[in-house]
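Following: one structure in structure tokens, then a few remarks.
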Amino acid sequence: MKLTIRLWATLTLAAALIASLGGAAAYASADVEIVDAFWQPDEPFPQFSQFWTDGNLPADASKLKLGGAVCVYIRNSGDQPIAINDVLLDGISLKQAIAPSDKRKFKKTILAANIHFSNLSVSDRDKLVALGEPVWWRAEPESVAPSAAAEVYVRLRRAPGSPLDLILQTSGGPIRVRVFMTAPRPRIESISFSRALDAAYVYVRHPNAGPVPIKVLVDGADITASADIAHDPSMTVTPIVCRFAAALARASYHTFHVVYSDGSRAIAGICAFSDDLTYGMWGARPGPETDLSIGRAHIEDMALHNLNLQMEVIGSDAVRKFMSSPDGRKLLETLGIRQIVGEPEKAVLPPFAYYLADEPDAADYRVQGVPERSKVGSLATGLVARARDLRNAHPEVPNMLNVDMTFKPDNWYIYGRLPDIFAADPYYQTRLCQAYWQKPDTIPIYSKATFVYAVGSVCRSACAPNPLHLMLNCTKIQKGNRCFRFATPAEKRIELYYALAAGAKSISYWWFIPLKPGASGSSGCGADEPDAKALWNEIGLLGAEVRTLDELISRSCPAEVAIDAPEKLWVRTLLAGSDSLVILCVNDDYVCNDKGTVINPVR
Numbered sequence: 001m002k003l004t005i006r007l008w009a010t011l012t013l014a015a016a017l018i019a020s021l022g023g024a025a026a027y028a029s030a031d032v033e034i035v036d037a038f039w040q041p042d043e044p045f046p047q048f049s050q051f052w053t054d055g056n057l058p059a060d061a062s063k064l065k066l067g068g069a070v071c072v073y074i075r076n077s078g079d080q081p082i083a084i085n086d087v088l089l090d091g092i093s094l095k096q097a098i099a100p101s102d103k104r105k106f107k108k109t110i111l112a113a114n115i116h117f118s119n120l121s122v123s124d125r126d127k128l129v130a131l132g133e134p135v136w137w138r139a140e141p142e143s144v145a146p147s148a149a150a151e152v153y154v155r156l157r158r159a160p161g162s163p164l165d166l167i168l169q170t171s172g173g174p175i176r177v178r179v180f181m182t183a184p185r186p187r188i189e190s191i192s193f194s195r196a197l198d199a200a201y202v203y204v205r206h207p208n209a210g211p212v213p214i215k216v217l218v219d220g221a222d223i224t225a226s227a228d229i230a231h232d233p234s235m236t237v238t239p240i241v242c243r244f245a246a247a248l249a250r251a252s253y254h255t256f257h258v259v260y261s262d263g264s265r266a267i268a269g270i271c272a273f274s275d276d277l278t279y280g281m282w283g284a285r286p287g288p289e290t291d292l293s294i295g296r297a298h299i300e301d302m303a304l305h306n307l308n309l310q311m312e313v314i315g316s317d318a319v320r321k322f323m324s325s326p327d328g329r330k331l332l333e334t335l336g337i338r339q340i341v342g343e344p345e346k347a348v349l350p351p352f353a354y355y356l357a358d359e360p361d362a363a364d365y366r367v368q369g370v371p372e373r374s375k376v377g378s379l380a381t382g383l384v385a386r387a388r389d390l391r392n393a394h395p396e397v398p399n400m401l402n403v404d405m406t407f408k409p410d411n412w413y414i415y416g417r418l419p420d421i422f423a424a425d426p427y428y429q430t431r432l433c434q435a436y437w438q439k440p441d442t443i444p445i446y447s448k449a450t451f452v453y454a455v456g457s458v459c460r461s462a463c464a465p466n467p468l469h470l471m472l473n474c475t476k477i478q479k480g481n482r483c484f485r486f487a488t489p490a491e492k493r494i495e496l497y498y499a500l501a502a503g504a505k506s507i508s509y510w511w512f513i514p515l516k517p518g519a520s521g522s523s524g525c526g527a528d529e530p531d532a533k534a535l536w537n538e539i540g541l542l543g544a545e546v547r548t549l550d551e552l553i554s555r556s557c558p559a560e561v562a563i564d565a566p567e568k569l570w571v572r573t574l575l576a577g578s579d580s581l582v583i584l585c586v587n588d589d590y591v592c593n594d595k596g597t598v599i600n601p602v603r
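Start counting the sequence shown at 1; every next residue gets the next number (my numbering).
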């Protein structure tokens, strides 16, 4: 069927049997079905390369090729749970190879882990590097219930030049898989769920327009008859609405498998979460813990500005104390404001998410005893363990991980699939300030806020099919008496539209707390000055618009749709299920500089 839309103007295998798996050969145990195994390369974005080579990378990093991941999907066809204990790559145990270092802990608990810390022989280490250099791996879930499915994900720093031989060490016996480097295959770009978890919105992309999805399976069960496949032959992305006879359990793991008319297929797994669109703020109005009125006023002001998420760092004793009081908890619940917390004990109500870490890539840079080219991702194995501990203790709460700008763009690709919610912080005003104060040759690159769209696009691809959260800047940069301005309201609106167009499903702002005059750092939009107040007001207006389209944005996915538009009108589209389209438009005839934003009207 052709995609019909309504427009929303807006902003069992025997042990010796070889199965053909579209680029893989497998030898499975009697109780395990190999569903699929393939190489998933990182998606390049050469049009944004200017943002990755602005002097913030090691000298040779910009010349390095991208990596990817080996993805193996299995199904337990027996009557007992199966544990996945290790992965051997060309006979080398990854559990032993990606070894921890005891030199320094991140967040006091997480050790760096890297093949360069292992006791491997030089020849074995060199072999692993030649095979792409494994950075981290994970089985999701670790224990696979009867009839359930699981994904084994092995992240490699670089693309291997030859087929890969893996052995999955399971409690049911070894599973041997050979993965070939094949031509590009379809991939699932996004999976989101209805509020009741009785439907899933799946977006699958084929390398070419034309082939039609003809079969949809969820956890190995054919649900094609109840799925709405809205295929348009002119488009590469197809939305599929999967409806379930019974609602899924929150946080339960499921695989989605789409087969095309040309025999190609796409598969991805995800944990089922569904929440309202979150729109949050870092920091809060300062005050002593003895003055709870400041805390109440701040929470009420958040609601007035359509914010429904207090991010992990509060930075105010008054707000923190009020939130933990009976009145504070009641007000938060009444207003629908939730928290992201780093530790479970910090939550005053059931949190929206646990914050695994902030900017592990920056900490990777400080890891000693590892070649520069191999540093990024050193904290990933420790974060996988941290996420698993939190999941075991509090299974209904997803986790979030924010990755910064160190070793970009490798950092986003390497960490993207690790959390339930991937986050990035493309602070445009920080880049604009650096251009004017330190790197004037980059002023043309940052004369528009395209940086936000670039980072968002890479990160959404890196974390697919999981959701993306983007953090936008709302501060003035101070260095003593020297200041670089707050974002203008128009600038922030453009950034938000870019973030949504890139595929962000939720947004937050960094940060609220102001600095004293003459201090150095970032002064937040809670400052008592006109530009800060104008920005704070615009954040509220944007929140009203975005949250009005909550159900559409929450289930959306970027896709190219042919639209006629004026030459200088930047237009991007989001598919929202099988019947809706969100169109985002930005007047592209604008310039941002150290004084403000200049916009020429589109006629």
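Cβ atoms here follow ideal geometry from the backbone N, Cα and C, with glycine treated the same way. On a predicted model such as this, the values are computed, not experimentally measured, just so you know.
If you follow the beta strand (DSSP E) that residue i is part of, which residue opens it and which one closes it?
i, result
"residue 376", "Careful: residue 376 lies outside any beta strand (DSSP E) and carries neither H nor E."
"residue 402", "399-403"
"residue 195", "Careful: residue 195 lies outside any beta strand (DSSP E) and carries neither H nor E."
"residue 446", "Taken as a continuous stretch (DSSP letters only), residue 446 belongs to no beta strand (DSSP E), as it is neither H nor E."
"residue 653", "Any question about residue 653 goes unanswered here, given that the chain covers just 1 to 603."
"residue 110", "110-114"
Reducing DSSP to helix, strand and coil, say where residue i ends up.
i, result
"residue 368", "coil"
"residue 338", "strand"
"residue 102", "strand"
"residue 351", "coil"
"residue 427", "coil"
"residue 514", "coil"
"residue 422", "strand"
"residue 383", "helix"
"residue 95", "helix"
"residue 455", "helix"
"residue 123", "helix"
"residue 505", "strand"
"residue 591", "strand"
"residue 608", "In the structure as shown, the chain begins at 1 and stops at 603. Residue 608 is therefore absent and cannot be evaluated."
"residue 333", "helix"
"residue 599", "strand"
"residue 359", "coil"
"residue 57", "Bear in mind that a pLDDT of 45 at residue 57, under 50, signals an unreliable position, so the model cannot answer this."
"residue 212", "coil"
"residue 229", "strand"
What first and last residue would you give for the alpha helix (DSSP H) that runs through residue i?
i, result
"residue 498", "489-502"
"residue 542", "530-548"
"residue 471", "Segment 468-473 is the beta strand (DSSP E) holding residue 471; no alpha helix (DSSP H) there."
"residue 525", "Residue 525 -> no alpha helix (DSSP H), and no H or E assigned at all."
"residue 249", "Where residue 249 is concerned, there is no enclosing alpha helix (DSSP H), given that its DSSP letter is neither H nor E."
"residue 176", "Careful: residue 176 lies outside any alpha helix (DSSP H), inside the beta strand (DSSP E) at 173-179."
"residue 319", "317-324"
"residue 412", "410-415"
Using beta-carbon positions only, say whether residue i and residue j come within less than 8 Å of one another.
i, j, result
"residue 329", "residue 341", "no"
"residue 487", "residue 535", "yes"
"residue 84", "residue 130", "no"
"residue 446", "residue 460", "no"
"residue 380", "residue 428", "no"
"residue 654", "residue 298", "Residue 654 is absent from the structure shown; the chain starts at 1 and stops at 603."
"residue 240", "residue 254", "no"
"residue 582", "residue 552", "yes"
Can you tell me which residues form a DSSP beta bridge with residue i?
i, result
"residue 39", "70"
"residue 134", "156"
"residue 256", "218, 268"
"residue 310", "281, 339"
"residue 202", "191, 240"
"residue 570", "586"
"residue 478", "483, 521"
"residue 76", "32"
"residue 169", "86, 174"
"residue 558", "574"
"residue 396", "Its beta-bridge partners do not exist; DSSP assigns none."
"residue 149", "75"
Does the beta carbon of residue i fall short of 7 Å from some heavy atom of the ligand SAH?
i, result
"residue 560", "By its list of ligands, the structure shown contains no ligand whatsoever, and the ligand SAH lies outside what it can speak to."
If I'm right that residue i touches residue j with Cβ under 8 Å, what's the distance once you round it to whole angstroms?
i, j, result
"residue 469", "residue 522", "Going by Cβ atoms, the distance from residue 469 to residue 522 rounds to 20 Å, so no, they are not a contact pair."
"residue 134", "residue 94", "6 Å"
"residue 377", "residue 570", "Residue 377 to residue 570, Cβ: 34 Å. No contact."
"residue 132", "residue 156", "3 Å"
"residue 578", "residue 228", "5 Å"
"residue 472", "residue 448", "Wrong, their Cβ atoms sit about 15 Å apart, outside the cutoff."
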